[in-house]
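Chains as they are written, first to last, in the working numbering: chain E, 1 to 434; chain Y, 1001 to 1328.
Comments concern the structure below.
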Amino acid sequence: MKRRSIGALALAAALLVSAVAVSAGSSSPDRQHATKVVIWLQNDAENGWKDMVTATNSAFTAKHSGVDVDVQYQGWGDHLTKFDAALAGGTAPDVVELGNTETTRYMAAKLLQDLTTQTKSFPNSKTWLGALKSSCTYKGRLFCVPYYAGARAVIYRKDQYKAAGVKSTPKSLAQFVAAGQKLMKKYGKQRNYSALYFPGQYWYAGLSFVYDYGGKIAEFKNGKWKGTLDSPQAIQGLNQVKKVAKALSRANKTTDEANPQQALVFSKGRVGAFIGNGWEWPYALDKKVGNPSLAKKIGAYPMPSHIAGKFMPTFLGGSDVAVPVTSKNKALAYDWIRIFTSNAQMRTLATVGKQIPNTTTLASLNAKNPQLAAFANASKYSWFVPTAPNWVKVENARVLKNLFQAIITGRKSVNQAAKDASNQITKILNQPVS
Amino acid sequence: MSQAPGGEAGFPAMTATAAGSQIRRRRRSLGASAFRAFSPYLLLAPAALIVIAVLGYPLYFLTRLSFEQFGLAELITRKGTWVGLDNYSRIFHDHQFWTVLLRTVIFTAVTVGLTMVFGTLIALLLVKLGRFMRLLLTSGLVLVWATPVLVAVNIFRWMVDYEFGVLNWTLTKLHLGDFLNKDWFADPKTGFVVISACVIWGAIPFVAITIYAGLSQVPAELVEAAEIDGARRWQVFKDITFPLLLPIFVILTSLSIIWDFQVFNQVWLMRGSEPEEDYWIMSVYSFVEAFKLGEYGFGAAIAVVMVCTLFLATFVYLRQMVRMGEAR
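Pasting the structure below:
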C-alpha cells in the first residue's frame, strides 16, 4: 500500500517536471523575439489623435519586424509620480512624453538621454518651433524632441450665442462678459448652466488674465527667483478672473479642467463656452463620449484682451518626447520618435488632432483650416512658465491650482491668496535643485 | 486602508502555549529539558525571520533614508548623501508640519471617538435585537467591512457630487436648505466631514462586532441583579458592562488610533489624488514631499516622525494593556 502511494507520487512528480519542461521549451523561442519598446504618451493623444499613434506603430513594426510596441497612456495628474517610481524601479519606458513645463527638472537631473550629437537625424530639426526646442534644451544640449504645441481659445456654441442675441464674437473682455451675461439671462434658469465653464483650479486659463494685465508668475533677478503674483498688475488680473468666474460660471470650484473633461461637460449642452485646446473641439463631438450632433453648432475665437481688439495671451502648452537614460532599447526608441515626428504624422496631428505641429514648415496647414484659425491666431500672443529647474515642483505642489481655487471659492482674499502663492513660488524655485 | 486586525490575533494563542508548557514542565533528562526550553524559539524562528525580512528591512531602509539627501538624481545612482539630522531639523522648523500634525491629531480623535461611540451603540443594539434582525444587521456590517476602500470612497464621492450628489438632493428635498450644487470640498471643514464619515463608516463593523462578542460574555445574572437593585440602563452600562469589557475597549481604541492616525487612501482618493494643502494629514504630507516633490529623504524623515508620534500615543494604551494582562 505504502509503496504504491510512493510510486504514484513519483509518477505525479515526473509528470509535473515534464509539464514544466514542455512549457519552458515552448516559451523560449518567444523570448528571443520579445524586444518590446514601451512608450508612455499622455491621454490627449488617445482622445484626440489616436490615428497618429496607430500609423506610427504600424510604420515602426513594418521596419523592425519582431519588435513589439506597447503604448501606455498616462494622465497629467500623476504621470510624473509614476515616472519617478518607474525610474527608481528600473521599469521606466523607452520613450516618455513630458509636458514642456516639466522637462527642465529631468534634464537638470540628467535623467534624459543627451541627443545633441544626433539632432540632425530627427525630422525637421532645423525648423522646430522655437518655444518647444528651448523646452528641450538645457545648458546648450538637447535632451528631447519637440512633439506639439497647443494654444487655447474660446470654444463656444454658435446657436446659443445667436439665440441670446450676441451678434458677433466679443472683441474685448468687457464685451465677452456682456455676451456671457446675455447667455446667463437666456439660459441661466437651467441649473448648472454656465455661459463660460470655468472650473476653480483652471490655472492655465486663469493666468492668461494675469499676463493680460501685465503680471507674471516670477522673475529672475541677481541670481535669485522671486514670485511676482502679488504685483499690482497680477492682482488686477486675478480680480478679473474672480469676477468672470463668479458672473458666468457654475462649474465646480474645486476641480480642474480635466476632471471631468470640460469638453464632455460642454457636449452635454449646459455650457455656452469654455477655454480649451484645439483637440477638445473634436473630442466634444466624439461618437462614444461626446455629442456628434453639435458638429455644426460649435465655433472658436481667441479669448479677447481687456484692451479692445487685442487677444489675451494664451498659455503655450506643448509636449516633448524623450528617452530616459535607463532605456535598454535606445536605438529603437530614437527610431520610433523619428517616425512619430515625421512630416506624415505631424500632418495627422494638425488636421485630426487640431494641434500646432512641431515644425514651422507645417504652420500653413493651420492657417488654411477655419477650425484651426482661432487657435493659430491665439498662439501669436502667448505666455510660458518660468524656465527654472524647480518649476515642475511648483506644479506638483499645486501652488497655482490652490491659488485659483482659493480665489474662486472665496476661501482667501485675492491679495492674501496671491501673496501666499508668490511666497511659495519664491521658496520652491530657490531650493537647491534635486 | 488598514481595516484588517494586524497582529492581535497572535496574543491569546501565544499565552495559551506558554501556559501549556508551564503545566507540562516535568523533570526529565537534561537534554530534553534544554530542548524544551529552546523549542519555542525554534518554532518561532521562521515567523520571526519573515517578519524581519518583510518589516525590518523596509524600516531600516526608511530610517537610513531619513538621514540622507535623496532626490530625483539619486534615484538612478541609488546613493544618497548623508546629511545627519538636517531633514529632521527642517521638519521641526517647517510650520506646515505643526499644522499638519495638529490636523492629524484632531482628525484621529474625532474619527476614533465617533467610531467607538457608534460601534458600541450598534453592539448594544445587536444584543437587544431578535434573531432575524440581528442576522440582517450583522450581514450588513460584514458587507461594509468587505467593501474595498476604493469603492467606498467613490460611493461617498458620488453621494456628495457637485452636480448629481444624492445626499445634496435628499437634504434639499428635506428642506434643510439649498444643497444643490453644494461643493462639500470647497471648505475643508465640510470636506473633512465627508472624509471622516467614510473612515468611520468603514471602521464601525470591526468595533461593533468585537464589542458584541464581548457583550455576549457578560454574565446575565450580574445585569439582572443590578436591574433588580434598581439600576437604570445607563448605570448598568457604566458600572457593569463597561468595566467588564474595559480590556476590549482599550484594545479597540488603540487599534483605531493606529489605523486612523495613518489614514491615507480616503483623503487621497476623495481629493482626486491631488489633495489641497488644507487636506494634508501626516501620511499625505509625507507622500507629497517624497513622491510628488521628489524629496525622498525628507519624506522618509516625516514618516519616521509619524511612527514615533504614533508610538508615543499608543504607548500609554499598550502599557495599560500589559498591566491588565498581569493583573489577571
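Heads up, the beta-carbon is just placed ideally off N, CA and C, and yes, glycines get one too.
| Query | Result |
| --- | --- |
| For the segment 268 to 278 of chain E and the segment 147 to 162 of chain E, state whether three or more C-beta atom pairs, one from each stretch, are separated by less than 8 Å. | yes |
| Quick one: list the residues of chain Y neighbouring A363/E, beta-carbon separation under 8 Å, in chain order. | Within chain Y, no residue comes near A363/E; the closest Cβ sits about 35 Å away, beyond 8 Å. |
| Using beta carbons (cut-off 8 Å, strictly below), is I1195/Y in contact with chain E? | no |
| Under 8 Å between C-beta atoms, does N1181/Y make it to chain E? | yes |
| With DSSP run on the structure shown, which of helix, strand or coil describes W1184/Y? | coil |
| Would you give the residue range spanned by the beta strand (DSSP E) that S1139/Y belongs to? | S1139/Y -> not in any beta strand (DSSP E); alpha helix (DSSP H) instead, spanning 1131 to 1146. |
| If you drop the 5 nearest sequence neighbours on each side, which residues of the same chain put their C-beta closer than 6 Å to that of K36/E? | D68, D70 |
| If the cut is a Cβ gap below 7 Å, which residues of chain E does E1163/Y touch? | N192 |
| Quick check: what's the CA-CA separation for L1318/Y versus R1078/Y? | 38 Å |
| Hey, does V325/E have any beta-carbon neighbour from chain Y nearer than 8 Å? | yes |
| Helix, strand or coil: which one does DSSP assign to I1023/Y? | Confidence is the limiting factor: at I1023/Y the pLDDT is only 49, short of 50, which leaves the residue's position unreliable and the question unanswerable from this model. |
| On the CB-based measure, 16 or more other CB atoms within 10 Å of its CB, does P29/E come out buried or exposed? | Summary for P29/E: the model assigns pLDDT 41, below 50, so the residue's position carries little reliability; its value from the coordinates is reported in the next sentence. Exposed is the call here. |
| Give a yes or no on whether the minimum CB-CB distance between G1202/Y and chain E is below 8 Å. | no |
| Within this structure, are the beta carbons of N43/E and G75/E separated by less than 8 Å? | yes |
| If contact means a Cβ-Cβ distance below 7 Å, which residues of the segment 210 to 227 of chain E contact chain Y? | none |
| Between V53/E, V433/E, A149/E, A85/E, which has its C-alpha nearest F384/E's C-alpha? | A149/E |
| Have a look at the DSSP bridge pairing and note the partners of P313/E. | DSSP, once it has assigned bridges, lists no residue as partnering P313/E. |
| Return the CA-CA distance between Q160/E and P199/E, expressed in angstroms with no decimal places. | 21 Å |
| Does the count of Cβ pairs from the segment 217 to 226 of chain E and the segment 413 to 433 of chain E closer than 8 Å reach three? | yes |
| What residues in its chain sit with their C-beta under 8 Å from that of R1090/Y, if we drop five residues either side in the sequence? | F1298, A1301 |
| Looking only at its own chain, which residues have a Cβ that is under 7 Å from the Cβ of V1304/Y, when we skip the five neighbours before and after it? | L1062, T1063, S1066 |
| Using three-state DSSP, classify N402/E as helix, strand or coil. | helix |
| Using 8 Å as the Cβ pair cut-off and three pairs as the minimum, do the segment 386 to 400 of chain E and the segment 183 to 191 of chain E touch? | no |
| At which residues does the beta strand (DSSP E) containing V95/E begin and terminate? | 95 to 99 |
| What are the start and end residues of the beta strand (DSSP E) that includes N415/E? | Here N415/E belongs to no beta strand (DSSP E); instead the alpha helix (DSSP H) covers 414 to 429. |
| Comparing the C-beta of E1068/Y with each C-beta of chain E, is any distance below 8 Å? | no |
| Using a threshold of 8 Å, state whether the C-beta atoms of Y1241/Y and V1218/Y are closer than that. | Per the sequence presented here, residue 1241/Y reads as Thr, with Tyr not at that position. Contact: yes. |
| Excluding the 5 residues preceding and the 5 following A284/E in the sequence, name in chain order all residues of the same chain whose CB lies nearer than 6 Å to its CB. | A263, F266, S267, G290 |
| Closer than 7 Å by C-beta to V1054/Y: which residues in its own chain qualify, once you throw out the five before and the five after it? Chain order, please. | none |
| Leaving out five residues before and five after M1321/Y in sequence, what residues of the same chain have Cβ atoms less than 6 Å from its Cβ? | V1250 |
| If we ignore side chains and look at the alpha-carbon of each, how far apart do E219/E and A1047/Y end up? | 58 Å |
| Hey, out of G1202/Y, A1290/Y, L1293/Y, V1153/Y, whose CA is closest to G1191/Y's CA? | V1153/Y |
| Any chance you could list the beta strand (DSSP E) runs of at least 3 consecutive residues sitting entirely within the segment 301 to 373 of chain E, in chain order? | 317 to 322 |
| Tell me, please, whether the CB atom of G77/E is closer than 8 Å to any CB atom in chain Y? | yes |
| To test your reading of the DSSP string, which unbroken alpha helix (DSSP H) runs of 4 or more residues are found completely within the segment 1196 to 1267 of chain Y? | 1220 to 1228, 1233 to 1236, 1242 to 1261 |
| Please go through the segment 23 to 87 of chain E and give each complete alpha helix (DSSP H) segment of 4 or more residues, from N-terminal end onward. | 43 to 48, 50 to 63 |
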